[in-house]
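Chemist: I am attaching a structure below and will ask some questions about it afterwards.
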Amino acid sequence: MTLAKALAPSQSLLTRALMVVGGSLFIAIAAQLSVPMLPVPMTLQTLAILIVGVTFGARMGALTLIAYLGEGAMGLPVFANGGNGAAFFGPTAGFLIGFVMMAAIVGYAADRGVKGVIGTAAVALLASALLYIPGVLWAMSLAEIAGIDTAKWGADSFGMIWQYYMAPFLIGDAVKAVIAALLVTGAWAALKGRKA
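The numbering of the sequence shown is our numbering, which starts it at 1060 and goes up by one.
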């Protein structure tokens, strides 16, 4: 059972719709809290995605992220720094698409009963690490489209990817994974305390 189901056992269509809208709004607000970095800003967006995924479960978490991406595609300024659908054509598009996977991974663990701080943080770290796959692949494909021969990067290719798309974010990813685990585990403890 996920935290959302424990808080709202009925899970009616209206409840689920409100969860999706509320979750996507929560992520959109977190996306605006950012530290400007190039080429990808560091935001609280991934923290919000982890919290939504762990709280809602795989299906509702992924659906919430699809709705969030849809809001951006419609032109709403929900992405980092007020960005919208134009971001799907920039260097962050791979990360945006990967957000659905990120929510689904942590949500799947929550669906299977992972609730402790260590287990939740470990799954959140894994999901955060896997987010780099679509993020980096998209950035590399854009470089090739722009006429940059990534094959000529040779040994420098990993160095460039590491420097711009990974290294600046790793510590933040670890901290956000632990924060998400602590928040959700704390919410479970508060819920159990209320029922006791």
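By construction, the Cβ of each residue, glycine as well, lies at the ideal position given by its N, Cα and C atoms.
Just tell me which of F1228, V1176, A1226 has its CA closest to the CA of A1239.
Modeler: Here residue 1239 corresponds to residue number 180 of the sequence shown, with the count starting at 1. When each option's Cα is compared against that of A1239, the closest is V1176.
Chemist: Going by beta carbon distance, what residues of the same chain come within less than 7 Å of F1115, once the five residues before and after it are set aside?
Modeler: For the purposes of this step, residue 1115 is taken as residue 56 along the sequence shown, with counting starting at 1. Counting only Cβ-Cβ distances below 7 Å, and skipping sequence neighbours, we find T1061, A1063, M1078, G1082, T1123, G1166.
Chemist: Please work out which residues of its chain come closer than 7 Å, Cβ to Cβ, to A1236, disregarding the five sequence neighbours upstream and downstream, and give them in chain order.
Modeler: The residue labelled residue 1236 in the question sits at position 177 within the sequence shown. Result list for A1236: L1109, A1180, A1183, L1184, S1187, in chain order.
Chemist: Measuring alpha carbon to alpha carbon, tell me which residue in K1251, L1135, A1089 is nearest V1111.
Modeler: Looking up residue 1111 in the sequence shown gives position 52. When only C-alpha atoms are compared, the closest one is A1089.
Chemist: Of all the options S1069, D1232, L1106, which has the alpha carbon lying nearest to the alpha carbon of Y1191?
Modeler: Sequence index remark: in the sequence shown, residue 1191 carries index 132 (1-based). If we check each option's Cα against that of Y1191, D1232 comes out closest.
Chemist: Can you give me the start and stop residues for the alpha helix (DSSP H) that R1171 sits inside?
Modeler: What you label residue 1171 is simply residue 112 of the sequence shown in a count that begins at 1. It is not in any alpha helix (DSSP H) - R1171 carries neither H nor E in the DSSP assignment.
Chemist: I'd like to check one pair, F1138 with A1146: are the Cβ atoms closer than 8 Å?
Modeler: The count along the sequence shown starts at 1 and reaches residue 1146 at position 87. The count along the sequence shown starts at 1 and reaches residue 1138 at position 79. Note that the C-beta distance between A1146 and F1138 is below 8 Å.
Chemist: Return the Cβ separation of F1228 and M1119 in integer angstroms, given the expectation that the two are a contact with Cβ distance under 8 Å.
Modeler: Translated into positions along the sequence shown, residue 1228 becomes position 169. Translated into positions along the sequence shown, residue 1119 becomes position 60. That belief does not hold up - the Cβ atoms of F1228 and M1119 are roughly 26 Å apart, past 8 Å.
Chemist: Taking DSSP as the reference, what is the three-state secondary structure of M1133?
Modeler: Position 74 of the sequence shown, counting from 1, holds the residue named residue 1133. In the structure shown, M1133 falls within a coil segment according to DSSP collapsed to helix, strand and coil.
Chemist: What's the gap between the Cα of I1156 and the Cα of L1128?
Modeler: What you label residue 1156 is simply residue 97 of the sequence shown in a count that begins at 1. What you label residue 1128 is simply residue 69 of the sequence shown in a count that begins at 1. Cα-Cα distance, rounded: 8 Å.
Chemist: Within its chain, find whatever has a CB closer than 8 Å to the CB of I1220; leave out the 5 residues flanking it on each side and keep chain order.
Modeler: Position 161 of the sequence shown, counted from the start, is the residue given in the question as residue 1220. Residues V1195, A1198, M1199 of the same chain have their beta carbon placed closer than 8 Å to that of I1220, with the five preceding and five following residues left out of the count.
Chemist: Consult DSSP for S1071 and reduce its assignment to one of helix, strand or coil.
Modeler: Residue 1071 sits at position 12 when you count from the first residue of the sequence shown. Looking at S1071 - three-state DSSP - the assignment turns out to be coil, as it is neither helix nor strand.
Chemist: DSSP state of T1123, grouped into three classes?
Modeler: On the sequence shown, position 64 is the one that residue 1123 refers to. It is helical.
Chemist: Could you tell me which of F1148, I1230, G1172, G1178 sits nearest to T1105, measuring between CA atoms?
Modeler: Here residue 1105 refers to the residue found at position 46 when the sequence shown is read from its first residue. T1105 has its Cα closest to that of I1230, out of F1148, I1230, G1172, G1178.
Chemist: Does the Cβ of F1158 have 16 or more other Cβ atoms within 10 Å, making it buried, or fewer, making it exposed?
Modeler: Locating residue 1158 in the sequence shown gives position 99, counting from the first residue. The residue is buried, with at least 16 neighbouring Cβ atoms inside 10 Å.
Chemist: Beta-carbon separation of I1189 and M1225 under 8 Å?
Modeler: Position 130 of the sequence shown, counted from the start, is the residue given in the question as residue 1189. Position 166 of the sequence shown, counted from the start, is the residue given in the question as residue 1225. Rather than Ile, the amino acid found at residue 1189 in this sequence is Leu. At least 8 Å separates the beta-carbon of L1189 from that of M1225.
Chemist: Using the beta-carbon count (16 or more within 10 Å), is L1103 buried or exposed?
Modeler: For this step, residue 1103 is matched to residue 44 along the sequence shown. The residue is buried, with at least 16 neighbouring Cβ atoms inside 10 Å.
Chemist: So, is V1113 buried or exposed, given that buried needs 16 or more other C-beta atoms within 10 angstroms?
Modeler: Residue 1113 sits at position 54 when you count from the first residue of the sequence shown. Flag for V1113 reads buried.
Chemist: Please name the residue in G1153, N1140, G1252 whose C-alpha comes closest to that of V1094.
Modeler: What you label residue 1094 is simply residue 35 of the sequence shown in a count that begins at 1. Nearest C-alpha to V1094: N1140.
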